[in-house]
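Below: one structure, written as structure tokens.
In our numbering, the protein residues as written are 1 to 125.
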């Protein structure tokens, strides 16, 4: 014997079927969103790592430039101070040979001191 369905049963059956389909759709959407979320998280991590690497490279380049600047300043300082040292050596030789009078020595020392102070101020020592 065939079972006959009344309108209410048919309606309930359709509703249950629709609910099942809706649940499946929701589950599929959740899976897709989870996959997208994972991809975005992975991308975010990659971007963060690239940015950190970029920052490290900038730090290295900056430190390298600072070292070069310091080295250049040191060389410039040494060149300037070596001129003063030569003047002092020349004055010392003349004093040892007694080919110079005290007046010239007295005048030379403040000039050499002035040169040293100018170098000191120029290089902010």
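We put the beta carbon where it would ideally sit given N, CA and C, even for glycine.
Residues of its chain near residue 116, where Cβ-Cβ distance is below 8 angstroms and the 5 sequence neighbours each way are ignored: 81, 84
Pair within 8 angstroms by beta-carbon distance, residue 119 and residue 77: yes
Same chain only: Cβ atoms within 8 angstroms of residue 112, ignoring 5 sequence neighbours per side: 84, 87, 88, 91
Separation of residue 59 from residue 109, as counted between CA atoms: 46 angstroms
From 57, 19, 123, residue whose alpha carbon lies closest to that of residue 74: 123
Three-way DSSP call (helix, strand, coil) for residue 73 in this model: helix
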